[in-house]
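Engineer:
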Amino acid sequence: MDLTIVVLIQVLYAVASLVIISSGLAVIFGMMKVINLAHGEFMMLGAYAVIVSIRFGINLWVAMFIIAPVAVGLVGVVLERLVIRRLYGRMVDTMLATWGLSLLLIGVVTSIAGNTTAGVSAPLGSFTIGAYSVSSYTLVIIGVAVALGLAIRLVLLRTQLGLIARGTMQKPDMANALGISPSVVYSVTFAVGASLSGLAGGLLAPLTGVVPTMGGAFVAKAFITVIGGGPAILAGLVSASTLFGAINQVATFLTTPVLGEVALLGAAIVMLRLLPQGITGRFFKGTL
Amino acid sequence: MNRFAQSWVSAALVLAIGIALMFGLPGVMDEYTLMQGTIYAIMAILGVSLGFIWGFGGILCFGQAAFFGLGSYTYAVAVVNMGDSTVPFMLAIAVPALFASILGYLIFFGRLSDVYMGVITLTVTLILFNLINSTAGPEWKIGNAPLGGFNGIPGIPTLNFPGQVDKALSPGDLFYLTMSCLLVTYLGLRCLISSKIGRVIIAVKENEQRILLLGYDARLYKLFSFTLGGAIAGLAGCLFANWGAFTSPTIFSLAQSAQIIIWVIVGGLGTFVGPVVGCVAIQWLTTQIGTQQTFNSNLVLGAILVVFVLLVPRGVVPSLGLVLEWIWNKLKTKAMAENAACPQPLLPEVKFTAPSQTPSTANAISITKEQAA
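Line by line, the protein sequences give chains V and P.
Here this note's numbering is used: the first residue of the first sequence is 17, the next is one more, and so on.
Here this note's numbering is used: the first residue of the second sequence is 47, the next is one more, and so on.
Written out as structure tokens, the structure is:
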């Protein structure tokens with residue numbers, strides 16, 4: 017019984033972390049059809065933002081929930097203005113340019129911080145279920161994932177901003193004719209996506225070692241989740257995260273963490289062969 | 047309109063330069079520098095493999111390093127088990143080709159678009175990297191060959207002359223072998239793209255819909271070029287395992303894949319010389335960066351990639367090619383003008399128009415639809 021609960025929590029945690037890792041990408045790819053290969057490096061910047069803030073004595077939670085997203089969002093605005101803006105509609109070129117950006121960011125951070133692992137310890141300690149000890153931070157991650165999902169849904173469906181954003185993505189020239197500047201909307205959307213990536217990086221900083229090259233570990237998972245999810249941003253994100261997170265955690269439980277990741281990526285490739293449009297290309301059509 | 051880049055003159059010119067380098071360099075270089083030359087040539091083969099499937103097949107593979115690494119691991123494992131290197135050499139080409147064909151089947155027959163293609167190949171590379179990286183323990187071995195995990199496989203026996211196990215290749219021999227592999231690959235691919243199959247491959251890249259309507263199965267042609275690219279990358283991997291007698295999981299890494307793409311995009315899409323030039327230039331640059339501390343090599347490579355995508359999407363060689371082409375056409379027009387001195391009305395005026403707009407990189411190709419037609 018205790019074991020079942022612990023495994024259940026672990027599976028939920030795997031799903032939640034996939035949601036957190038992929039949400040920034042889902043917004044940028046889902047709304048703007050920009051493949052952002054620098055996503056992992058945005059997360060890395062978020063993690064470093066937390067590390068640096070803590071060195072300056074700022075509270076961990078403030079660093080994670082405010083400083084990391086804001087800092088990375090600003091970086092996102094600058095990069096969108098300088099690079100991404102010139103490549104809208106050219107998907108392959110965007111992919112290459114953002115890969116270049118990712119190398120560039122790794123290079124910059126390595127030059128500044130050095131190629132060493134920094135880290136913060138996970139806050140909150142742990143609690144026990146029967147004979148098993150579970151880190152309380154796991155529950156925070158699960159909670160944040162739920163909150164993120166709800167927030168994305170609320171903002172996109174219930175606010176003026178979300179309406180403008182969705183309208184601009186569907187028909188930029190019509191939005192323009194109605195007095196909305198698409199370029200500003202693109203900028204803001206990209207910044208929101210980037211800050212979500214920053215938040216993800218900040219949240220994961222206590223769980224993984226923070227190195228300049230840490231982004232590589234996340235980018236493939238995030239992509240597979242977003243693409244596996246298909247056209248609907250939120251439904252796709254949640255359904256794909258659930259599927260892949262569960263596969264990952266069960267395989268990890270049965271074998272090793274490495275084979276768990278392999279199972280995740282392998283399952284994703286097989287799934288794309290069966291459902292080339294992603295999960296929401298076939299099911300939950302018309303949802304958000 | 048005959049274009050310089052497609053003419054046999056350019057192929058002969060490239061071959062002549064290649065052969066001159068192949069027999070000239072060992073005379074002027076000491077052994078250490080010659081080994082540097084060998085690694086440049088090995089990487090050039092790898093660059094050409096991506097240059098072919100991307101520039102001619104229109105398939106952007108982010109995981110060409112996977113086939114490269116697979117080739118090198120196949121050779122290493124097979125040669126440790128077998129002793130004689132003839133069969134391992136062939137296996138190192140066959141296994142990546144087989145792997146590419148399976149992967150290609152999943153992708154092309156699932157009709158996934160190029161963006162998904164990029165992500166899947168990237169993912170596969172990561173899977174291989176993670177897998178090989180985690181095989182450090184003594185329980186991970188194939189036959190007599192321990193896989194070594196992140197430590198890699200050291201002390202791989204060098205290729206020997208076929209059938210004579212004791213006669214291993216010297217570094218000089220390896221240079222000749224690598225250069226001839228490069229030249230044979232170049233010539234073979236040049237022949238391929240001027241054949242009917244090659245024309246269909248290019249046509250698929252230009253307009254898949256149209257080629258489907260003309261009754262060709264585009265998926266098969268894509269699968270063919272992807273498999274061929276995998277085989278060539280495997281060959282490069284095999285040579286790489288020979289070069290340092292060592293292979294490790296880092297050759298599966300994303301950085302390696304990124305490098306290959308940067309070579310091709312810097313050199314230029316749609317040529318075979320481009321990837322070679324890009325490869326040599328970037329490799330040289332990376333080595334230079336390694337000797338100083340101010341700039342990190344990732345930083346410079348990333349900046350180069352961004353700048354080229356934004357500003358020189360055609361790459362260096364096609365841009366130079368345009369200049370050569372202009373001269374070539376000028377000469378031809380002149381010759382024709384002399385021929386046409388006797389009055390020949392209704393002769394269409396030959397004029398050369400340089401493509402004025404810069405198309406997206408995927409389409410930035412000097413070979414356009416007139417060849418496909």
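Note that CB positions come from ideal geometry on N, CA and C, so glycine has one too.
Because the structure is a prediction, the values reported are computed rather than measured.
Please name the residues in the segment 184 to 197 of chain V whose beta-carbon is closer than 9 Å to at least one beta-carbon of chain P, in chain order.
Structural biologist: Those would be none; no residue qualifies.
Engineer: Sorted by chain position, which residues of the same chain lie with C-beta nearer than 8 Å to I243/P's C-beta, five sequence neighbours on each side aside?
Structural biologist: Indexing the second sequence from 1 puts residue 243/P at position 197. Same-chain partners within the cutoff: Y267, F270.
Engineer: Please classify P374/P as buried or exposed, where buried requires at least 16 other C-beta atoms within 10 Å of its C-beta.
Structural biologist: Your numbering for residue 374/P matches position 328 in the second sequence. It should be noted that the sequence gives Trp, not Pro, for residue 374/P. With 16 or more Cβ atoms within 10 Å of its Cβ, W374/P is classed as buried.
Engineer: Figure out for me which residue from M81/P, I166/P, A383/P has the closest Cα to the Cα of S108/P.
Structural biologist: Counting from 1 along the second sequence, the entry for residue 108/P is found at position 62. The residue you asked about is not Ser; residue 108/P is Phe in the sequence shown. Considering only alpha carbons, the answer is I166/P.
Engineer: Using the Cα positions of V23/V and P184/P, report the straight-line distance between them to the nearest angstrom.
Structural biologist: Stepping through the first sequence from its first residue, residue 23/V is reached at position 7. Stepping through the second sequence from its first residue, residue 184/P is reached at position 138. About 31 Å.
Engineer: Considering S142/V, what are the terminal residues of the beta strand (DSSP E) in which it resides?
Structural biologist: Counting from one through the first sequence, the residue named residue 142/V turns up at place 126. Run containing S142/V: 142 to 145, per the beta strand (DSSP E) assignment.
Engineer: Going along chain P in order, which residues have a C-beta closer than 8 Å to the C-beta of S274/V?
Structural biologist: In the first sequence, residue 274/V corresponds to position 258, counting from 1. Residue 274/V is actually Val in this sequence, not Ser. Neighbours of V274/V on chain P, chain order: N176, L177, N179, S180.
Engineer: Enumerate in chain order the residues of its own chain whose CB-to-CB distance from F155/P is below 7 Å, with the five nearest sequence positions on each side excluded.
Structural biologist: Residue numbering aside, residue 155/P sits at position 109 when the second sequence is read from its first letter. R265, listed in sequence order.
Engineer: Could you tell me whether the Cβ atoms of A282/P and S131/P are closer together than 8 Å?
Structural biologist: For the purposes of this step, residue 282/P is taken as residue 236 along the second sequence, with counting starting at 1. For the purposes of this step, residue 131/P is taken as residue 85 along the second sequence, with counting starting at 1. Against a cut-off of 8 Å, the Cβ pair of S131/P and A282/P comes out as no contact.
Engineer: Should Y162/P be flagged as near chain V, meaning a C-beta pair shorter than 8 Å?
Structural biologist: As a first step, residue 162/P must be located in the second sequence, where it is residue number 116. For Y162/P, the answer is yes, since a Cβ of chain V falls inside 8 Å of its Cβ.
Engineer: Which residues in chain V sit within 7 Å of R245/P, going by Cβ to Cβ distance?
Structural biologist: Along the second sequence, one-based indexing puts residue 245/P at 199. Under the 7 Å cutoff, chain V gives no residues; its nearest Cβ is about 23 Å from R245/P.
Engineer: Which term fits V74/P, buried or exposed, when burial requires 16 or more other beta carbons within 10 angstroms of its beta carbon?
Structural biologist: As a working mapping, residue 74/P is identified with position 28 in the second sequence. It is exposed - the Cβ of V74/P has fewer than 16 other Cβ atoms within 10 Å.
Engineer: I'd like the list of long-range same chain contacts for S152/V, defined as Cβ closer than 7 Å, with 5 residues on each side in sequence excluded.
Structural biologist: Here the question's residue 152/V lines up with position 136 in the first sequence. Contacts found: L140, G141, S142, F143.
Engineer: Can you tell me whether P85/V is buried or exposed, with buried defined as 16 or more other CB within 10 angstroms of its CB?
Structural biologist: For this step, residue 85/V is matched to residue 69 along the first sequence. It counts as buried.
Engineer: When we look at the beta-carbon of L34/V and count the other beta-carbons within 10 Å, is it buried (16 or more) or exposed?
Structural biologist: Position 18 of the first sequence, counting from 1, holds the residue named residue 34/V. By the 10 Å Cβ count, L34/V comes out buried.
Engineer: Look at F102/P and G316/P and say whether their C-beta atoms are less than 8 Å apart.
Structural biologist: On the second sequence, position 56 is the one that residue 102/P refers to. On the second sequence, position 270 is the one that residue 316/P refers to. Cβ atoms of F102/P and G316/P: closer than 8 Å.
Engineer: What is the rounded straight-line gap between the Cα of G104/P and the Cα of L174/P?
Structural biologist: As a working mapping, residue 104/P is identified with position 58 in the second sequence. As a working mapping, residue 174/P is identified with position 128 in the second sequence. Spanning the two alpha carbons is a distance of roughly 24 Å.
Engineer: Pull the bridge partners of A293/P from the DSSP assignment, please.
Structural biologist: As a working note, residue 293/P is residue 247 in the second sequence. Note that residue 293/P corresponds to Thr in the displayed sequence, not to Ala. DSSP lists I199/P as partners of T293/P.
Engineer: Buried or exposed, going by whether 16 or more other CB atoms sit within 10 Å of the CB of C237/P?
Structural biologist: One-based indexing of the second sequence puts residue 237/P at position 191. Counting Cβ neighbours within 10 Å, C237/P comes out exposed, since fewer than 16 surround it.
Engineer: For V99/V, go through chain P and note every residue whose CB falls closer than 8 Å to its CB, in chain order.
Structural biologist: One-based indexing of the first sequence puts residue 99/V at position 83. Result: V352, L356.
Engineer: At least one CB of chain P closer than 8 Å to the CB of R102/V: is that the case?
Structural biologist: Position 86 of the first sequence, counted from the first residue, corresponds to residue 102/V. Interface residue, yes.
Engineer: Grab the span of the alpha helix (DSSP H) containing S226/P for me, first residue to last.
Structural biologist: Numbered from 1 along the second sequence, position 180 holds the residue referred to as residue 226/P. Per DSSP, S226/P belongs to the alpha helix (DSSP H) from 217 to 240.
Engineer: What residues in its chain sit with their C-beta under 7 Å from that of L95/V, if we drop five residues either side in the sequence?
Structural biologist: Here residue 95/V refers to the residue found at position 79 of the first sequence. The answer, listed in chain order, is L117.
Engineer: Helix, strand or coil, according to DSSP, for K213/P in the structure here?
Structural biologist: As a working note, residue 213/P is residue 167 in the second sequence. Correct three-state label for K213/P: coil.
Engineer: Would N52/V be called buried (16 or more neighbouring beta carbons within 10 Å of its own) or exposed?
Structural biologist: For this step, residue 52/V is matched to residue 36 along the first sequence. Classification of N52/V: buried, given that the 10 Å Cβ count is 16 or more.
Engineer: For V278/V, go through chain P and note every residue whose CB falls closer than 8 Å to its CB, in chain order.
Structural biologist: Residue 278/V sits at position 262 when you count from the first residue of the first sequence. Correct list: I173, N176, L177.
Engineer: Would you mind working out which of I295/V, A32/V, T296/V sits nearest G159/V, comparing C-alpha positions?
Structural biologist: Within the first sequence, residue 159/V is the residue found at index 143, counting from 1. That would be A32/V, whose Cα lies nearest to the Cα of G159/V.
Engineer: Among P228/V, T268/V, I285/V, T271/V, which residue has its Cα nearest to the Cα of A327/V?
Structural biologist: Coverage of chain V is limited to positions 17 through 304, which leaves residue 327/V absent and any answer about it impossible.
Engineer: Please determine, among N342/P, W54/P, T84/P, G324/P, the residue with the shortest C-alpha to C-alpha distance to A287/P.
Structural biologist: For this step, residue 287/P is matched to residue 241 along the second sequence. Minimum Cα distance to A287/P is reached at T84/P.
Engineer: So Y29/V is in the alpha helix (DSSP H); what residue range does that whole segment cover?
Structural biologist: Position 13 of the first sequence, counting from 1, holds the residue named residue 29/V. Segment 18 to 48, the alpha helix (DSSP H) holding Y29/V.
Engineer: Does any CB atom of chain V fall closer than 8 Å to the CB of G101/P?
Structural biologist: What you label residue 101/P is simply residue 55 of the second sequence in a count that begins at 1. No, G101/P does not count as interfacial toward chain V.
Engineer: Taking the straight line between their C-alpha atoms, what separation do you get for V352/P and V99/V?
Structural biologist: As a first step, residue 352/P is located in the second sequence; it is residue number 306 there, counting from the start. As a first step, residue 99/V is located in the first sequence; it is residue number 83 there, counting from the start. Each residue's alpha carbon lies about 8 Å from the other.
Engineer: Under 8 Å, CB to CB, which of the residues in the segment 253 to 284 of chain P have a partner in chain V?
Structural biologist: The residues in question: there are none.
Engineer: In its own chain, which residues sit with a C-beta less than 6 Å from the C-beta of P228/V, not counting the 5 before and 5 after it?
Structural biologist: The residue you call residue 228/V lines up with position 212 of the first sequence. I122, V125, T126.
Engineer: Between the alpha carbons of N385/P and I63/P, how many angstroms are there, rounded?
Structural biologist: Position 339 of the second sequence holds residue 385/P. Position 17 of the second sequence holds residue 63/P. Answer to the nearest angstrom: the Cα atoms are 33 Å apart.
Engineer: Counting only Cβ pairs nearer than 8 Å, list the residues of chain V close to P359/P.
Structural biologist: Within the second sequence, numbered from 1, the residue matching residue 359/P stands at position 313. By Cβ distance, chain V contributes D109.
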